[in-house]
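If you read the protein sequences in the order shown, they are chains C and Z. Residue 87 in this note's numbering is what sits at position 87 of the first sequence, and the numbering runs on without skipping anything. Residue 663 in this note's numbering is what sits at position 305 of the second sequence, and the numbering runs on without skipping anything. Beta carbons: idealized from backbone N, C-alpha and C, even for Gly. These numbers come from a predicted model, not from an experiment. Input: a single structure, listed below in structure tokens.
2 protein chains.
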Amino acid sequence: MKRLSPRTLPVVPLALSLALAFTVAGLQPAAAQESSSWSIGERDVPPPAGASEQLQAALAAVPAPSVAASRQQTPQSDGQWLVMQKATANANLDQIASGFGVSIEKAEVEGVTVYRVAPEKVHPRHTDHLFLHVHGGGYVLNGGDASVTEAAMVASRAGIVALSVDYRMPPEHPFPAAVEDVVSVYKHLLESRSAKSIAIGGTSAGGGLSLAAVHRFIALGLDVPGAIYAGTPWADLTKTSDSLFTNEGLDRILVTYDGFLGAAARLYADGHDMKDPLISPVYGDFEGFPPTYLITGTRDMFLSDTARTHRKLRAAGVVADLHVYEGVAHADYLILVGSPESEDVFAEVSAFFKKHLE
Amino acid sequence: MKRLSPRTLPVVPLALSLALAFTVAGLQPAAAQESSSWSIGERDVPPPAGASEQLQAALAAVPAPSVAASRQQTPQSDGQWLVMQKATANANLDQIASGFGVSIEKAEVEGVTVYRVAPEKVHPRHTDHLFLHVHGGGYVLNGGDASVTEAAMVASRAGIVALSVDYRMPPEHPFPAAVEDVVSVYKHLLESRSAKSIAIGGTSAGGGLSLAAVHRFIALGLDVPGAIYAGTPWADLTKTSDSLFTNEGLDRILVTYDGFLGAAARLYADGHDMKDPLISPVYGDFEGFPPTYLITGTRDMFLSDTARTHRKLRAAGVVADLHVYEGVAHADYLILVGSPESEDVFAEVSAFFKKHLE
């Protein structure tokens with residue numbers, strides 16, 4: 001089989017002939033341009049007509065997210081971070097329990113606070129299985145009782161018992177405290193159950209931290225879990241991914257990197273190299289990873305984090321399923337609960353666990 | 359298992375607390391806004407640092423695509439379409455043959471012109487297999503000898519014999535001529551081989567037409583092929599998909615719907631309902647479809663067409679693999695031949711054929 005380089009290419013019509021001029025130009029060395037960045041003009045973007053009515057209505061009801069305003073919404077001191085952290089750690093556990101039909105029990109494992117979330121009815125396939133849930137919130141928020149929200153969603157939909165890790169967070173406990181806490185809980189679980197009976201996962205920082213933790217499990221010589229659920233994972237804390245730029249202002253949840261996200265990344269990394277695979281797992285070696293389920297949307301600022309992680313997993317020969325939802329921004333499926341998109345996500349995650357856990 | 363609607367939602371902290379204000383607003387009925395569209399401001403988009411050096415260099419070397427200029431690049435008469443069609447139908451078959459290490463033979467099947475493309479060495483897994491190739495070009499361009507380019511790429515990479523269909527196109531032969539031609543060739547093939555030994559596919563209009571043809575195969579009661587390769591398929595000819603708006607001007611190949619694309623759609627549909635599944639296959643019923651491989655990129659204007667098709671396939675219980683490449687625009691893998699992205703696409707397609715053809 002021959003390997004062709006652009007230099008040896010036969011000159012033939014390409015995918016779309018209209019593109020030929022750009023293409024030929026694209027194969028020339030850079031020279032003419034002053035900046036390699038593109039200035040993309042203003043555009044009007046309607047609600048995604050191919051998305052569910054619920055999602056369309058949610059997007060039509062609000063003005064375009066303000067990138068300028070979001071850039072200002074950045075805590076300026078540890079004190080301000082702590083105020084936000086405390087405010088977002090509150091949740092009404094009784095309401096969550098009755099709303100999702102689960103029981104919730106707070107406990108401590110190896111000094112780490114965890115929440116055991118059990119569905120009313122465990123699915124027969126999951127009698128011996130556990131979902132180790134890692135919550136999101138940019139590595140800074142949504143701890144405490146709030147950790148359990150997504151765990152309750154997955155537990156009730158999949159009919160699986162979940163254990164949600166209330167890992168330590170900055171400003172008081174920056175990296176690597178969160179990774180250490182997940183590892184501690186996982187090692188404790190391995191004392192009484194097989195690795196393949198455990199699915200690990202979460203959304204956003206929870207997805208990223210799950211991937212980082214598996215890198216750490218492998219480095220420690222531990223057996224890997226049976227499956228990973230990486231919901232729009234924050235897999236790269238640096239400002240690298242294409243969708244941080246292309247979807248800025250289109251993602252109504254994250255809006256921009258240059259506010260909360262960038263600040264949270266710096267707070268969490270605490271001076272460590274952000275390309276450390278335990279901080280930005282996309283930079284790691286994915287050989288030996290378990291089957292991984294990845295979710296994102298066309299308006300997700302972590303579309304690229306998710307897609308890049310998927311490609312790294314595939315390149316390492318790992319079973320990896322990527323799912324992109326039309327018009328969906330970061331973690332929309334946790335927010336528009338009951339929407340077709342959200343129902344579909346949890347049905348798919350449930351099927352994935354049933355297929356891969358042992 | 360309980361089904362929650364937003365109305366019965368327990369009020370709990372969500373994915374990212376910063377999003378809470380938008381979220382709460384998002385669950386309210388629309389009222390305040392004058393238009394439901396968002397005006398998204400100007401942005402600077404650098405080359406995708408997570409993509410290959412070749413792709414980054416190709417993007418850095420050209421200015422941002424001009425949406426305004428692309429809107430003008432629309433043929434205004436059948437005569438102008440025919441000039442473009444003729445200009446893009448030329449290819450140097452000797453160069454393609456030697457460049458990709460294939461032999462090319464022109465023939466006629468049931469009155470349809472086809473090109474048989476055979477690699478120097480057929481892979482042992484593919485001794486009895488055939489790739490039925492459907493070329494792209496917006497249903498109007500890249501016919502004639504130019505049909506074979508992608509077929510040669512797949513044939514040489516996968517080590518599989520390909521048959522490329524030079525289907526009839528508008529303005530002289532609008533819908534349903536193209537579908538009929540693919541059906542004629544497929545029926546002819548079934549006389550001498552099993553459906554499961556055939557993979558059908560192509561890129562752009564070629565991906566869309568492949569999906570439409572399989573809808574037609576099923577309606578006719580024919581056995582479906584063993585696999586589909588849907589490279590950034592034009593699965594919806596209407597202006598519906600989210601990425602037609604979000605990636606306008608970011609996709610250096612397609613640039614905008616409101617020029618060549620929209621005009622080609624109208625020319626091809628020729629007054630038929632564009633939501634006919636034989637024209638826009640995403641609107642069809644995907645039950646009974648064979649395993650399907652889907653490719654797109656974060657800057658692809660058909661990102662949404664591809665993702666929406668993937669979801670419809672999954673909802674119908676079909677094996678469907680979605681792959682999104684970082685920073686990649688529409689059909690970039692056919693253009694930047696030899697780039698890591700392009701090599702990866704054809705390696706994956708090859709593996710998919712080897713897995714699913716019988």
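What are the start and end residues of the beta strand (DSSP E) that includes F489(Z)? The sequence position of residue 489(Z) within the second sequence is 131, counting from 1. Per DSSP, F489(Z) belongs to the beta strand (DSSP E) from L488 to V492.
With a CB to CB cut of under 6 Å and the five nearest residues on each side skipped, what residues in its chain are close to R252(C)? Here residue 252(C) refers to the residue found at position 252 of the first sequence. If we look at R252(C) and ignore the five residues flanking it on each side, its Cβ neighbours are P65 and A329.
Quick one: Cα of E120(C) to Cα of R168(C), how far? Against the first sequence, residue 120(C) aligns to sequence position 120. Against the first sequence, residue 168(C) aligns to sequence position 168. A direct Cα-to-Cα measurement between E120(C) and R168(C) gives close to 29 Å.
I think W592(Z) touches A563(Z), with their Cβ atoms under 8 Å apart; what is that distance to the nearest whole Å? Position 234 of the second sequence, counted from the first residue, corresponds to residue 592(Z). Position 205 of the second sequence, counted from the first residue, corresponds to residue 563(Z). Yes, W592(Z) and A563(Z) are in contact; Cβ-Cβ is about 5 Å, under 8 Å.
I want to see whether chain C comes within less than 8 Å of V470(Z), judged by CB atoms only; does it? The count along the second sequence starts at 1 and reaches residue 470(Z) at position 112. No, no contact with chain C.
Straight-line gap, Q438(Z) to F352(C) (C-alpha atoms, nearest Å): In the second sequence, counting from the first residue as 1, residue 438(Z) sits at position 80. In the first sequence, counting from the first residue as 1, residue 352(C) sits at position 352. Computed Cα separation, rounded: 51 Å.
For Y293(C) and V349(C), believed in contact at Cβ under 8 Å, the rounded distance: Locating residue 349(C) in the first sequence gives position 349, counting from the first residue. Locating residue 293(C) in the first sequence gives position 293, counting from the first residue. Between the beta-carbon of V349(C) and that of Y293(C) there is about 6 Å, and that keeps the pair under the 8 Å contact cut.
Taking 8 Å as the threshold (C-beta atoms), are I653(Z) and T590(Z) in contact? For this step, residue 590(Z) is matched to residue 232 along the second sequence. For this step, residue 653(Z) is matched to residue 295 along the second sequence. It is a contact, given that the beta carbons lie within the stated cut-off.
Assuming A627(Z) contacts L602(Z) (C-beta within less than 8 Å), just tell me the rounded distance between them. For the purposes of this step, residue 627(Z) is identified with residue 269 of the second sequence, where counting begins at 1. For the purposes of this step, residue 602(Z) is identified with residue 244 of the second sequence, where counting begins at 1. Incorrect: roughly 16 Å between the Cβ atoms, too far for contact.
Please report whether the beta-carbon of E42(C) lies at a distance below 8 Å from any beta-carbon of chain Z. Stepping through the first sequence from its first residue, residue 42(C) is reached at position 42. Judged by the 8 Å Cβ criterion, E42(C) is in contact with chain Z.
Note down, in chain order, each residue of its chain lying with its Cβ closer than 7 Å to the Cβ of S280(C), except the 5 sequence neighbours on either side. Residue numbering aside, residue 280(C) sits at position 280 when the first sequence is read from its first letter. So the list reads A235, D236, L237, T238 and M274, once near-sequence residues are dropped.
Would the beta-carbon of R299(C) fall within 8 Å of that of G262(C)? For the purposes of this step, residue 299(C) is taken as residue 299 along the first sequence, with counting starting at 1. For the purposes of this step, residue 262(C) is taken as residue 262 along the first sequence, with counting starting at 1. In this structure, G262(C) does not lie closer than 8 Å to R299(C) by Cβ.
Per-residue contacts from R474(Z) into chain C (C-beta, under 8 Å): Within the second sequence, the letter at position 116 stands for residue 474(Z). Ordered by position in chain C, no residue passes the 8 Å Cβ test against R474(Z), which lies about 18 Å from the chain.
By DSSP, does T127(C) sit in helix, in strand, or in coil? Here residue 127(C) corresponds to residue number 127 of the first sequence, with the count starting at 1. DSSP places T127(C) in coil when its eight states are reduced to three.
From the beta carbon of S397(Z), is the nearest beta carbon of chain C less than 8 Å away? Start at 1 with the first residue of the second sequence, and residue 397(Z) comes out as number 39. Yes, because at least one Cβ of chain C sits closer than 8 Å to the Cβ of S397(Z).
Whole angstroms is fine: what's the gap from T598(Z)'s alpha carbon to K196(C)'s? Here residue 598(Z) refers to the residue found at position 240 of the second sequence. Here residue 196(C) refers to the residue found at position 196 of the first sequence. For T598(Z) and K196(C), the distance between alpha carbons rounds to 42 Å.
Within-8 Å CB hit, R483(Z) to chain C: Counting from 1 along the second sequence, the entry for residue 483(Z) is found at position 125. Closer than 8 Å: no.
Can you check whether the CB of D679(Z) is closer than 8 Å to the CB of L39(C)? To locate residue 39(C), count along the first sequence from 1; it is residue 39. To locate residue 679(Z), count along the second sequence from 1; it is residue 321. With the sequence shown as reference, residue 39(C) is identified as Ser, and Leu is not the correct amino acid for it. No.
Anyone know if the C-beta pair for T127(C) and L211(C) falls short of 8 Å? As a first step, residue 127(C) must be located in the first sequence, where it is residue number 127. As a first step, residue 211(C) must be located in the first sequence, where it is residue number 211. Taking 8 Å as the cut-off, the beta carbon of T127(C) is found no closer than this to the beta carbon of L211(C).
Taking Cβ positions, are R474(Z) and E463(Z) nearer each other than 8 Å? For the purposes of this step, residue 474(Z) is taken as residue 116 along the second sequence, with counting starting at 1. For the purposes of this step, residue 463(Z) is taken as residue 105 along the second sequence, with counting starting at 1. Closer than 8 Å, so yes.
Determine the chain C residues that contact S599(Z) at a beta-carbon separation under 7 Å, and present them in chain order. By one-based count along the second sequence, residue 599(Z) stands at place 241. Under the 7 Å cutoff, chain C gives G50.
Of the residues that make up the segment 665-695 of chain Z, which ones have a beta carbon closer than 8 Å to any beta carbon in chain C? A665, R666, H668, R669, R672, A673, D679, L680, H681, V682, Y683, E684, G685, H688, A689, L692, I693, L694 and V695
Alpha carbon to alpha carbon, how far is P47(C) from H323(C)? Here residue 47(C) corresponds to residue number 47 of the first sequence, with the count starting at 1. Here residue 323(C) corresponds to residue number 323 of the first sequence, with the count starting at 1. Each residue's alpha carbon lies about 20 Å from the other.
Taking only beta carbons into account, state which residues of the segment 293-305 of chain C come closer than 7 Å to chain Z, listed in chain order. T298, R299, L303 and S304
Could you tell me how far apart the beta carbons of T113(C) and D78(C) are, in whole angstroms, since I believe they sit closer than 8 Å? Here residue 113(C) corresponds to residue number 113 of the first sequence, with the count starting at 1. Here residue 78(C) corresponds to residue number 78 of the first sequence, with the count starting at 1. Not really, about 21 Å apart at Cβ, beyond 8 Å.
Quick one: which residues of the segment 553-572 of chain Z get their C-beta closer than 7 Å to a C-beta of chain C? List them in chain order. Within the segment 553-572 of chain Z, the qualifying residues are T561 and S562.
State buried or exposed for L357(C), treating a residue as buried only when at least 16 other CB atoms are found within 10 Å of its CB. Position 357 of the first sequence, counted from the start, is the residue given in the question as residue 357(C). It is buried - the Cβ of L357(C) has at least 16 other Cβ atoms within 10 Å.
Inter-residue Cα distance where the pair is E699(Z) and S410(Z): Within the second sequence, numbered from 1, the residue matching residue 699(Z) stands at position 341. Within the second sequence, numbered from 1, the residue matching residue 410(Z) stands at position 52. Rounded to the nearest angstrom, the two C-alpha atoms are 7 Å apart.
What in chain C is Cβ-close to G620(Z), meaning under 7 Å? Residue numbering aside, residue 620(Z) sits at position 262 when the second sequence is read from its first letter. In chain order: nothing, as chain C lies at least about 13 Å away.
Could you tell me whether the Cβ atoms of I198(C) and L209(C) are closer together than 8 Å? The residue labelled residue 198(C) in the question sits at position 198 within the first sequence. The residue labelled residue 209(C) in the question sits at position 209 within the first sequence. It is not a contact, given that the beta carbons lie outside the stated cut-off.
Candidates G284(C), E248(C), G271(C) and D305(C): which alpha carbon is nearest E388(C)'s? In the structure displayed, chain C extends from 1 to 358; residue 388(C) sits before or after that span and is not available.
Please work out which residues of its chain come closer than 7 Å, Cβ to Cβ, to V182(C), disregarding the five sequence neighbours upstream and downstream, and give them in chain order. Stepping through the first sequence from its first residue, residue 182(C) is reached at position 182. Excluding sequence neighbours, V182(C) sits near V134, V165, Y167, L209 and A213.
Which residues bound the beta strand (DSSP E) around E463(Z)? Counting from 1 along the second sequence, the entry for residue 463(Z) is found at position 105. Counting along the chain, E463(Z) sits inside the beta strand (DSSP E) bounded by residues V460 to V467.
So what does DSSP say about T113(C), is it helix, strand or coil? Taking the first sequence and counting its residues from 1, the one referred to as residue 113(C) is at position 113. Looking at T113(C) - three-state DSSP - the assignment turns out to be strand.
Around the C-beta of L521(Z), are 16 or more other C-beta atoms found within 10 angstroms, so that it is buried, or is it exposed? Taking the first residue of the second sequence as position 1, residue 521(Z) is located at position 163. With 16 or more Cβ atoms within 10 Å of its Cβ, L521(Z) is classed as buried.
Cβ distance (whole Å) where V62(C) is taken to contact F346(C) below 8 Å: Sequence index remark: in the first sequence, residue 62(C) carries index 62 (1-based). Sequence index remark: in the first sequence, residue 346(C) carries index 346 (1-based). Not really, about 24 Å apart at Cβ, beyond 8 Å.
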